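Protein chains in written order, with my numbering: chain A, 1 to 211; chain B, 212 to 422; chain C, 423 to 633; chain D, 634 to 844.
Worksheet: the structure to be examined is printed underneath.
There are 4 protein chains.
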Amino acid sequence: MSDTAQGQPISRRERLKRERKERILDAAAAVFAGKGFHQATVRDVAELADVADGTIYNYFDSKFDLLIGLLARLARLETLPGELTEALQSDARDFFVAAFHDRIERIEQGEEMLRALLPQVFVRPELRERFYQQYVQRIATLLEQYLQAQIELGRMRPVNVPLTVRMVQGMFVGLLFLRILGDEPLQSGWEDVPEALATLVFDGLNPEDRE
Amino acid sequence: MSDTAQGQPISRRERLKRERKERILDAAAAVFAGKGFHQATVRDVAELADVADGTIYNYFDSKFDLLIGLLARLARLETLPGELTEALQSDARDFFVAAFHDRIERIEQGEEMLRALLPQVFVRPELRERFYQQYVQRIATLLEQYLQAQIELGRMRPVNVPLTVRMVQGMFVGLLFLRILGDEPLQSGWEDVPEALATLVFDGLNPEDRE
Amino acid sequence: MSDTAQGQPISRRERLKRERKERILDAAAAVFAGKGFHQATVRDVAELADVADGTIYNYFDSKFDLLIGLLARLARLETLPGELTEALQSDARDFFVAAFHDRIERIEQGEEMLRALLPQVFVRPELRERFYQQYVQRIATLLEQYLQAQIELGRMRPVNVPLTVRMVQGMFVGLLFLRILGDEPLQSGWEDVPEALATLVFDGLNPEDRE
Amino acid sequence: MSDTAQGQPISRRERLKRERKERILDAAAAVFAGKGFHQATVRDVAELADVADGTIYNYFDSKFDLLIGLLARLARLETLPGELTEALQSDARDFFVAAFHDRIERIEQGEEMLRALLPQVFVRPELRERFYQQYVQRIATLLEQYLQAQIELGRMRPVNVPLTVRMVQGMFVGLLFLRILGDEPLQSGWEDVPEALATLVFDGLNPEDRE
DNA sequence: TATGAATGAGGGTTCATTCAT
DNA sequence: TATGAATGAACCCTCATTCAT
Numbered sequence: 001m002s003d004t005a006q007g008q009p010i011s012r013r014e015r016l017k018r019e020r021k022e023r024i025l026d027a028a029a030a031v032f033a034g035k036g037f038h039q040a041t042v043r044d045v046a047e048l049a050d051v052a053d054g055t056i057y058n059y060f061d062s063k064f065d066l067l068i069g070l071l072a073r074l075a076r077l078e079t080l081p082g083e084l085t086e087a088l089q090s091d092a093r094d095f096f097v098a099a100f101h102d103r104i105e106r107i108e109q110g111e112e113m114l115r116a117l118l119p120q121v122f123v124r125p126e127l128r129e130r131f132y133q134q135y136v137q138r139i140a141t142l143l144e145q146y147l148q149a150q151i152e153l154g155r156m157r158p159v160n161v162p163l164t165v166r167m168v169q170g171m172f173v174g175l176l177f178l179r180i181l182g183d184e185p186l187q188s189g190w191e192d193v194p195e196a197l198a199t200l201v202f203d204g205l206n207p208e209d210r211e
Numbered sequence: 212m213s214d215t216a217q218g219q220p221i222s223r224r225e226r227l228k229r230e231r232k233e234r235i236l237d238a239a240a241a242v243f244a245g246k247g248f249h250q251a252t253v254r255d256v257a258e259l260a261d262v263a264d265g266t267i268y269n270y271f272d273s274k275f276d277l278l279i280g281l282l283a284r285l286a287r288l289e290t291l292p293g294e295l296t297e298a299l300q301s302d303a304r305d306f307f308v309a310a311f312h313d314r315i316e317r318i319e320q321g322e323e324m325l326r327a328l329l330p331q332v333f334v335r336p337e338l339r340e341r342f343y344q345q346y347v348q349r350i351a352t353l354l355e356q357y358l359q360a361q362i363e364l365g366r367m368r369p370v371n372v373p374l375t376v377r378m379v380q381g382m383f384v385g386l387l388f389l390r391i392l393g394d395e396p397l398q399s400g401w402e403d404v405p406e407a408l409a410t411l412v413f414d415g416l417n418p419e420d421r422e
Numbered sequence: 423m424s425d426t427a428q429g430q431p432i433s434r435r436e437r438l439k440r441e442r443k444e445r446i447l448d449a450a451a452a453v454f455a456g457k458g459f460h461q462a463t464v465r466d467v468a469e470l471a472d473v474a475d476g477t478i479y480n481y482f483d484s485k486f487d488l489l490i491g492l493l494a495r496l497a498r499l500e501t502l503p504g505e506l507t508e509a510l511q512s513d514a515r516d517f518f519v520a521a522f523h524d525r526i527e528r529i530e531q532g533e534e535m536l537r538a539l540l541p542q543v544f545v546r547p548e549l550r551e552r553f554y555q556q557y558v559q560r561i562a563t564l565l566e567q568y569l570q571a572q573i574e575l576g577r578m579r580p581v582n583v584p585l586t587v588r589m590v591q592g593m594f595v596g597l598l599f600l601r602i603l604g605d606e607p608l609q610s611g612w613e614d615v616p617e618a619l620a621t622l623v624f625d626g627l628n629p630e631d632r633e
Numbered sequence: 634m635s636d637t638a639q640g641q642p643i644s645r646r647e648r649l650k651r652e653r654k655e656r657i658l659d660a661a662a663a664v665f666a667g668k669g670f671h672q673a674t675v676r677d678v679a680e681l682a683d684v685a686d687g688t689i690y691n692y693f694d695s696k697f698d699l700l701i702g703l704l705a706r707l708a709r710l711e712t713l714p715g716e717l718t719e720a721l722q723s724d725a726r727d728f729f730v731a732a733f734h735d736r737i738e739r740i741e742q743g744e745e746m747l748r749a750l751l752p753q754v755f756v757r758p759e760l761r762e763r764f765y766q767q768y769v770q771r772i773a774t775l776l777e778q779y780l781q782a783q784i785e786l787g788r789m790r791p792v793n794v795p796l797t798v799r800m801v802q803g804m805f806v807g808l809l810f811l812r813i814l815g816d817e818p819l820q821s822g823w824e825d826v827p828e829a830l831a832t833l834v835f836d837g838l839n840p841e842d843r844e
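As structure tokens, then:
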């Protein structure tokens, strides 16, 4: 009687709860990114989210659990597999530029969350493991498969696949890190990064006979 | 040799002090790397260094100042300019492999200190700035000059110099990061990294006519 | 009998309310006895009573008020006056054994509630006073009168009446306490307590010439 | 060299520490007895002991640990075995009066600590067990042996030894409890308690042939 | 100069109570 | 009237720093 339209039940209540949870995570990302996880107090987060201190504990088990929440949300930003497989047919370099664009954009989107998370990823084993699995390993596997296939098709130079993939991945993390450090040249040239990245990386992957 | 020729008065007292300071920094690096700066207590450091809590404050102004101390010590590990300039003449690829070897080794040496420092570098403006200047900018400038020169000599493909340099630097940070994350393939293939790195980066820098 | 003769309008609604209140008190007794008043949360009580947190506040003013409720309910378990007065005529020792049996049983019945209450009785003046009046003083007065009468009839040794009554009462509390402490001999010999109690107390009250 | 007079070493420092620990326990007893363990804050204790909040944690692991400390101190007040064994020879009734006097006095001495402890003894298993072993069981065993011996010597009526001992012990606890409840007759007649207690208990223990 | 006990501000977390639905 | 999420005051405890010895 109260919810005949079972499709989207409880609607109101439920939606408010979800919104509030998101608001808290937004606040956590902003506050942690701004002053660092330890410098930030739960009250800082609560104030920015415009809730009472205690309310946060209705949604998260602990201050630390907010980081887990951010990590989960970050994982939701990840998709690429779709593009990747369909792009396998197209020209490799074009694909790389597109993929780089995609990554670079995501970094921009998620930068705040990454700034909030990364320092703790170094330090908390639980976070480290989750981050590695969700954020690094999955992508590494995809890239390895792609690279291997390209090499077998003769479209790329035979290289040490696992290490090369790590280097490319590492480069993204490293660029993010330099951005966070406030490196001027990188910030002003940010939109040219994908092209430069492709030039650096891809041309090096060309089979010798390309010339 | 370094002791006697110094003007004499350093002896005993002075050397003990210096040793003790180093012991404290060793302990700080180990403890901070192990549990993170905030999880670690000054007492943890004191105990590992085998001194009393208060003693640390005879050598450092604050807990945070220990990080500054580590940063300074890290800077002392940096030299390359010497090699770099002399190697400018030699074959570029050979130079790169050598330089990469050097960097990779240093990362290993300094990994503990970097693990202690990096998370805080994200978070403390003062540390960020020092780190950027001592550890990033100086090297970036050198690499830019070198790259520019090579390009002008026609030995390298004309690329976006500042961005390319950032990518290479970023890769080192990124690789360190992946190592800290515990990435298996990277750890087991660590000694092959310089060669793979050179293959990836350098071949991509070749002028087209090289072939 | 108690239901129909009441004037009718009690039905349903009213009875449900009363039942619910009892259910909440049952839960409170169980929870407080199990973990102690402060360790127990209102939510613990609510969950065991199968109501929402807020519902409890429709029946009780505060968490503390639950204790008052338990005390009131405990008082309802008390009656003895009836037996006492009628037994005044019978043989004193027989009366004592019967009375002890009665008390010992009550202790068993009310043990959970007493475990919930006693610790707070020590600590909360309001509770202390109510408990003393309802649970101690009334009975003390009765016992004093009885003892005084017996003495005057020459059936008991002339003793310090008020103190002796306190000792007997105290013994009940003390035995309950030892039971709660988990004393093995007391628990396994519990059904023999009335007889042993009578032997100890009553024989000591005999006039010397009785033998 | 620094402490040749090994007899009372480190003296100063060590004694100050011990004194401070006692001062904290004094304060804890007073505060917990006054408002109850949970109503009292660590700060209350600290203020009364005239130390900083944190100082308490240099001496005790937690707030709860203060109770353990009180229990330990209470145990130190206990001795009787000495008297007990030597008094085994003397007249039993005289011994009882003396022993009762002793107990009653101790209760007065330790009342504050007992008021602080008892409510929590009901509620904390760890405390309950310690209290039972240190404070009840030891004495129960002694009394049982004594009583048994007296019975075998024909000086006391053969009774259920374990239960009778529990009753006597329980009476002490119960009297303390009534005292805490503020019972007027008990308080004003407190000094007569040992005599009344002996009359009640001991005469009941007389063999029938005593007359 | 080294020591380590004392300090006390600060913060994560709990939970009784309220109140909109 | 029942619900249960929101509230925020309160409190235990940690730990960087100080300082008397």
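We put the beta carbon where it would ideally sit given N, CA and C, even for glycine.
None of the values given here were measured: they were computed from a predicted structure.
CA-to-CA distance, residue j to residue i, given in whole angstroms
i, j, result
"D:Asp842", "C:Phe599", "In this prediction, D:Asp842 scores a pLDDT of 41, lower than 50, which makes its location untrustworthy; the coordinate-derived value is nonetheless stated afterwards. Roughly 35 angstroms separates the two Cα atoms."
"A:Tyr146", "B:Ile318", "29 angstroms"
"C:Leu608", "D:Pro795", "8 angstroms"
"C:Glu436", "D:Asp694", "52 angstroms"
"D:Arg771", "D:Gln802", "11 angstroms"
"D:Met776", "D:Ala725", "According to the sequence as given, residue 776 of chain D is Leu; it is not Met. Cα-Cα distance, rounded: 12 angstroms."
"B:Val384", "D:Asn691", "43 angstroms"
"C:Val623", "C:Val615", "12 angstroms"
"D:Phe728", "D:Val769", "20 angstroms"
"D:Gly787", "D:Ala749", "42 angstroms"
"A:Asp65", "A:Ile104", "27 angstroms"
"A:Pro67", "A:Glu22", "Residue identity check: residue 67 of chain A is Leu in the sequence provided, not Pro. Their Cα atoms are separated by approximately 13 angstroms."
Interface residues of chain D facing residue i [CB-CB closer than 7 angstroms]
i, result
"C:His460", "His671"
"C:Arg588", "Leu808, Leu811, Asp816, Pro818 and Leu819"
Contacts that residue i makes with chain B (C-beta to C-beta distance below 8 angstroms)
i, result
"A:Gly54", "Chain B residues near A:Gly54: none, gap ~24 angstroms exceeds 8 angstroms."
Under 9 angstroms from the C-beta of residue i: neighbouring residues of chain A
i, result
"B:Arg326", "Phe122 and Val123"
"B:Val412", "Met167, Leu200, Val201 and Gly204"
"B:Val370", "Ala196, Thr199 and Leu200"
Buried versus exposed, by CB contacts within 10 Å (16 or more), residue i
i, result
"A:Asp183", "buried"
"D:Ala705", "exposed"
"C:Glu613", "exposed"
"D:Ala682", "buried"
"A:Gly69", "buried"
"C:Gly532", "buried"
"C:Pro541", "buried"
"B:Leu288", "exposed"
"C:Ala571", "exposed"
C-beta atoms of residue i and residue j nearer than 8 angstroms
i, j, result
"B:Arg377", "A:Leu175", "yes"
"A:Val42", "A:Ile24", "no"
"C:Ala620", "C:Phe459", "no"
"A:Ala40", "A:Val51", "no"
"A:Met171", "B:Met367", "no"
Partner residues on chain A for residue i, Cβ-Cβ distance less than 8 angstroms
i, result
"B:Gln380", "Gly174 and Leu178"
Chain D residues whose Cβ lies nearer than 8 angstroms to that of residue i
i, result
"C:Ala494", "Going along chain D, no residue has its Cβ under 8 angstroms from C:Ala494, so there is no contact; the nearest lies around 18 angstroms."
Residue i: contacting residues in chain B (beta-carbon distance under 9 angstroms)
i, result
"A:Arg128", "Ile391, Leu392 and Gly393"
Where residue i meets chain C, residues with beta-carbon distance less than 8 angstroms
i, result
"D:Pro795", "Pro607, Leu608 and Gly611"
"D:Tyr765", "Leu603, Gly604 and Asp605"
"D:Leu700", "Per Cβ cutoff of 8 angstroms: no residues; D:Leu700 is ~13 angstroms from chain C at best."
Amino acids of chain D, ordered along the chain, whose beta-carbon sits closer than 9 angstroms to that of residue i
i, result
"C:Pro616", "Near C:Pro616 there are no residues of chain D at all, since even the closest Cβ is about 10 angstroms away, more than 9 angstroms."
"C:Leu564", "Chain D residues near C:Leu564: none, gap ~14 angstroms exceeds 9 angstroms."
Checklist entry - Which runs of the alpha helix (DSSP H) spanning at least 4 residues fall entirely within the region 528–570 of chain C, listed in chain order? => result 547–553
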